[in-house]
Amino acid sequence: MPDAKAARLYVNGRLLTMSASAGGDADDSIAALDGQIAAIGSHAELRRQYPDAEVIDLDGRLVTPGLIDCHTHIVYGGDRSSEMERRLAGESYESIARAGGGILSTAAATARLDEAALAAAALPRIDALLADGVTTLEIKSGYGLTLAAELRCLQVARHIESLRPLSVRTTYLAAHVVPPRFPGGSDGYVESLCTQYLAAVAASGLAHAVDAYCETIAFSVAQVARVFDCAQSLKLPVKLHADQLSNMHGAALAARYSALSADHLEFTDQAGVGALAEAGTVAVLLPGAFYFLRQQQAPPVSALRQAGVPMAIATDCNPGTSPLCSLLTAMNLAAVQFGLSTAECLAGVTREAARALGVLADRGSIEVGKRCDLAIWNVDQPSALVYSLGSRPLYRRVWGGL
Ligand code: DI6
Ligand code: FE
21 MPDAKAARLY
31 VNGRLLTMSA
41 SAGGDADDSI
51 AALDGQIAAI
61 GSHAELRRQY
71 PDAEVIDLDG
81 RLVTPGLIDC
91 HTHIVYGGDR
101 SSEMERRLAG
111 ESYESIARAG
121 GGILSTAAAT
131 ARLDEAALAA
141 AALPRIDALL
151 ADGVTTLEIK
161 SGYGLTLAAE
171 LRCLQVARHI
181 ESLRPLSVRT
191 TYLAAHVVPP
201 RFPGGSDGYV
211 ESLCTQYLAA
221 VAASGLAHAV
231 DAYCETIAFS
241 VAQVARVFDC
251 AQSLKLPVKL
261 HADQLSNMHG
271 AALAARYSAL
281 SADHLEFTDQ
291 AGVGALAEAG
301 TVAVLLPGAF
311 YFLRQQQAPP
321 VSALRQAGVP
331 MAIATDCNPG
341 TSPLCSLLTA
351 MNLAAVQFGL
361 STAECLAGVT
371 REAARALGVL
381 ADRGSIEVGK
391 RCDLAIWNVD
401 QPSALVYSLG
411 SRPLYRRVWG
421 GL
């Protein structure tokens with residue numbers, strides 16, 4: 021095993037730092053020490069500063085921050101490919117969900133797997149993301165219908181960090197689906213979330229944030245507000261599945277709670293965009309779900325851009341609406357379907373994705389003092405990462421300096 025404490029120099033790269041401060045023109049090298057970026061400078065400079073360092077020559081390759089997938093539901097059991105056939109035959113996502121398919125069918129399959137089997141099911145999907153240069157991954161629970169099952173999924177998500185060289189940020193997707201025959205229905209379920217489950221998850225230390233699904237087929241604004249009040253009293257930051265299938269005014273709701281992010285936003289109106297801008301909440305665009313559901317109305321990208329709302333892009337990897345395990349593909353979909361520029365796409369999977377997770381202070385750009393998480397690419401120019409589909413351009417990934 022290489023020693024993370026020893027200095028390593030990544031030299032002769034073309035650095036796309038994604039940082040606000042412009043670096044020197046001659047900066048082509050990065051010194052990694054103790055998992056962090058200790059210095060950025062010219063090859064000669066850094067050799068002088070770190071004469072004993074191991075040197076890795078990048079031969080002029082493009083270097084970006086390691087990619088960050090800031091919205092996934094990647095830990096689950098089962099297979100819903102048959103649902104795709106039903107949808108191709110004309111059934112809607114909502115009607116399948118109402119008939120007990122959808123999230124509930126994944127929940128049933130998830131309940132049948134123990135921790136080892138859940139991790140084994142998730143790993144191929146995670147490995148696909150690693151092959152795209154992902155170094156930080158958000159994973160939501162939400163397919164467990166009991167508190168115990170939710171904690172199990174969060175535990176598995178955390179355990180992924182010991183199985184792969186990767187940082188995981190976990191989110192308790194508290195209000196995702198109402199367990200069947202729950203006493204008191206959805207209100208009863210929200211009551212249990214607020215009086216028991218959220219406190220238990222907070223005490224477990226297994227969640228970095230709390231999420232909810234605000235939709236006609238899921239939870240109402242009033243119900244989500246209750247969950248968010250409770251999360252905030254437990255000092256857990258919130259984020260929201262907002263305005264994906266209808267305008268529930270979810271963006272404004274997320275903004276009201278200073279959410280880290282509001283995700284989807286296909287039906288968000290101008291007032292919602294203004295609220296996000298005011299709150300500094302990140303808009304997380306999920307073009308895989310838009311594509312897979314064959315939606316017609318794209319999120320209000322020009323309005324978001326004009327209002328200065330930061331935009332991130334994620335896979336939303338989930339078995340029902342976005343079976344997508346490629347963040348590079350998500351960038352392409354965001355460019356082609358939503359009209360993001362290639363620069364916006366690249367910021368969306370690095371700096372803005374870090375902002376959406378509340379971890380911008382230590383990752384998301386190549387800057388001294390941040391984690392040394394890098395993706396090194398076999399491409400001539402950054403736009404090539406957005407342009408092609410399925411070309412596997414990653415040369416090498418660096419996580420924590422190694
Ligand atoms: N995230 C979700 O939680 C839902 N859609 C989305 O983008 C439903 C996922 C599912 O059908 O399993
Ligand atoms: Fe989602």
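The working numbering numbers the first residue of the sequence shown as 21 and each following residue consecutively. Glycine is no exception: its CB is placed at the ideal position from the N, C-alpha and C atoms. Just so you know, these numbers come straight off a predicted model, no measurement behind them.
- With DSSP as the reference, label N338 as helix, strand or coil. Three-state result, N338: strand.
- Query: Candidates L108, S102, E114 and G162: which alpha carbon is nearest V130's?
  - Reply: First, the amino acid is wrong: residue 130 is Thr here, not Val. If we check each option's Cα against that of T130, G162 comes out closest.
- When the Cα atoms are used, what is the spatial distance from A381 to A374? A381 and A374 have their C-alpha atoms spaced approximately 8 angstroms apart.
- Message: Among the candidates D99, L108 and A136, whose CA atom is the shortest distance from the CA of A124?
- Response: The residue asked about is misnamed: residue 124 is Leu in this sequence, not Ala. When D99, L108 and A136 are compared, the shortest CA-CA separation from L124 is found for D99.
- Query: By DSSP, does S322 sit in helix, in strand, or in coil?
  - Reply: Of the three classes helix, strand and coil, the one that applies to S322 here is helix, per DSSP.
- Task: Determine which residues share a DSSP beta bridge with L157 and list them.
- Result: In the DSSP output, where bridge partners are listed per residue, L157 has D89 and V188.
- With a 10 Å radius around its C-beta and 16 neighbouring C-beta atoms as the bar for buried, classify R28 as buried or exposed. Residue environment for R28: buried (at least 16 other C-beta atoms within 10 angstroms of its C-beta).
- Would you call the segment 342-354 and the segment 195-203 in contact, with 3 or more CB pairs under 8 angstroms? A contact is defined here as three or more CB-CB pairs under 8 angstroms, and the segment 342-354 fails this definition with respect to the segment 195-203.
- Task: Starting from A262, follow its DSSP beta bridges and name the residues at the other end.
- Result: In the DSSP output, where bridge partners are listed per residue, A262 has H284.
- Query: Quick one: any contact between the segment 181-195 and the segment 155-173, if contact means 3 or more CB pairs under 8 angstroms?
  - Reply: Yes, they touch.
- So, helix, strand or coil for C392, using DSSP? Coil.
- Task: Could you tell me which uninterrupted alpha helix (DSSP H) segments, each at least 4 residues in length, are contained entirely in the segment 129-178, listed from first to last along the chain?
- Result: DSSP runs (the alpha helix (DSSP H)) wholly in the segment 129-178: 135-150.
- Validate contact between the segment 270-287 and the segment 240-256 using beta carbons, cut 8 angstroms, 3 pairs: In this structure the segment 270-287 lies against the segment 240-256, because at least three pairs of beta carbons, one per stretch, are closer than 8 angstroms.
- Between the CA atoms of E286 and A354 - distance to the nearest angstrom: Rounded to the nearest angstrom, the two C-alpha atoms are 12 angstroms apart.
- Query: Which residues, in chain order, sit with a beta-carbon under 6 angstroms away from any heavy atom of the ligand FE?
  - Reply: The set, ordered by position in the chain, is H91, H93, H261, D336 and N338.
- Message: Are there any heavy atoms of the ligand DI6 lying less than 8 angstroms away from the beta-carbon of A309, as far as the coordinates show?
- Response: Result yes, Cβ under 8 angstroms from the ligand DI6.
- Task: Count the CB pairs spanning the segment 349-369 and the segment 79-92 that are closer than 8 angstroms, and state whether there are at least three.
- Result: Pairwise C-beta distances place the segment 349-369 in contact with the segment 79-92, as three or more of them are shorter than 8 angstroms.
- Query: Is Q56 helix, strand or coil when you go by DSSP?
  - Reply: In the three-state DSSP reduction, Q56 falls in the strand class (E or B).
- Query: Identify the residues that DSSP records as bridge partners of V418: which are they?
  - Reply: Listed as beta-bridge partners of V418 by DSSP are L394.
- Under the DSSP definition of a beta bridge, which residues are partnered with E74? DSSP, once it has assigned bridges, lists R28 as partnering E74.
- Query: Mind checking whether the beta-carbon of A137 lies closer than 8 angstroms to any heavy atom of the ligand DI6?
  - Reply: In this structure, A137 has its beta carbon at no less than 8 angstroms from each heavy atom of the ligand DI6.
- Query: Distance, Cα to Cα, D249 vs L213?
  - Reply: Between the alpha carbons of D249 and L213 lies a gap of roughly 11 angstroms.
- Message: Could you check if Y233 belongs to the surroundings of the ligand DI6, using beta carbon to heavy atom distance under 8 angstroms?
- Response: Y233: yes, Cβ under 8 angstroms from the ligand DI6.
- Alpha-carbon spacing of G153 relative to Y30, whole angstroms: Put simply, the backbone Cα of G153 is about 16 angstroms away from that of Y30.
- Query: Using a Cβ-Cβ cut-off of 7 angstroms (strictly less than) and excluding sequence neighbours within five positions of V302, which residues of its own chain qualify?
  - Reply: Excluding residues within five positions, the ones whose Cβ falls inside 7 angstroms are L280, S281, P330, A332, E372, R375 and A376.
- Query: Nearest CA to the CA of S266: which residue from Q316, P307 and R276?
  - Reply: The candidate whose alpha carbon is nearest that of S266 is Q316.
- Message: Given 8 angstroms as the limit, tell me if I123 has its C-beta closer than that to any heavy atom belonging to the ligand DI6.
- Response: Between the ligand DI6 and the CB of I123, the shortest heavy atom gap is smaller than 8 angstroms.
- Message: Using a 10 Å radius around the Cβ and a threshold of 16 neighbouring Cβ atoms, would you call G340 buried or exposed?
- Response: So G340 ends up on the buried side.
- Where does G61 land, buried or exposed, given buried means 16+ other C-beta within 10 angstroms? Buried, because 16 or more other Cβ atoms sit within 10 Å of the Cβ of G61.
- Task: Return the Cβ separation of T92 and L36 in integer angstroms, given the expectation that the two are a contact with Cβ distance under 8 angstroms.
- Result: About 24 angstroms separates the Cβ atoms of T92 and L36, ruling out a contact at the 8 angstroms cut-off.
- Assigned exposure category for D400 - 16 Cβ within 10 Å defines buried: With fewer than 16 Cβ atoms within 10 Å of its Cβ, D400 is classed as exposed.
- Message: Among A139, N398 and A229, whose alpha-carbon lies nearest the alpha-carbon of I94?
- Response: Here the closest residue by C-alpha is A139.
- Message: What does the alpha-carbon distance come out to for the pair A128 and G122?
- Response: The alpha-carbon separation between A128 and G122 amounts to approximately 10 angstroms.
- Item | Cβ-based burial, A117 [other Cβ within 10 Å; buried from 16] | Under the 10 Å beta carbon count, A117 is surrounded by 16 or more other beta carbons and is classified as buried.
- Item | Per-residue burial, D283 [other beta carbons within 10 Å of its own, 16 or more giving buried] | Under this definition D283 is a buried residue.
- Could you tell me if the beta carbon of Q243 falls within a distance shorter than 8 angstroms of some heavy atom in the ligand DI6? No, the Cβ of Q243 stays beyond 8 angstroms of every heavy atom of the ligand DI6.
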